[in-house]
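**Student:** Dropping a structure here in structure tokens format, bear with me for questions.
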Amino acid sequence: GERRPAADALRRALDFKTQGTQCYRDKKYREAIGKYHRALLEMKGLCRALGDPDVGARSALTEEQKGAVESAELECYNSLAVK
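Pasting the structure below:
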């Protein structure tokens, strides 16, 4: 099938964020920080890909997915700031 790198990166980022949240709940703070950083790195790569007009990936994300990226990013930064 057709490859959708933007959607894949978004899913990975959200997976890392979810794992980070679970680690945080389990008081595994060091592990949580690592997961949040991985999520943010995925999102940075995603934003870079979307910012490249040659990639044509910008249209690969729906408005809902763009919103998910923004809220996930905020959650990661907020969680990192607490520690």
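In the working numbering, the protein residues as written are 14 to 96.
The C-beta atom is built at its ideal place from N, Cα and C for all residues, glycine as well.
Since the model is a prediction, treat every value here as computed from it, not as a measurement.
Which one of F29, D28 and L23 has the shortest CA to CA distance from Q78?
**Tutor:** The option with the nearest alpha carbon to Q78 is L23.
**Student:** Helix, strand or coil for G14? Go by DSSP, reduced to three states.
**Tutor:** Because G14 carries a pLDDT of 46, less than 50, the predicted location of this residue cannot be relied on, and the following value inherits that uncertainty. Here G14 sits in coil by DSSP.
**Student:** What residues in its chain sit with their C-beta under 7 Å from that of G14, if we drop five residues either side in the sequence?
**Tutor:** In this prediction, G14 scores a pLDDT of 46, lower than 50, which makes its location untrustworthy; the coordinate-derived value is nonetheless stated afterwards. Within the same chain, no residue comes within 7 Å of G14 by CB-CB distance, once the 5 residues on both sides are set aside.
**Student:** Could you give the DSSP three-state label for T34: helix, strand or coil?
**Tutor:** helix
**Student:** Express the C-alpha separation of T75 and R51 in angstroms, rounding to a whole number.
**Tutor:** Taken atom to atom, the span from the alpha-carbon of R51 to that of T75 is near 22 Å.
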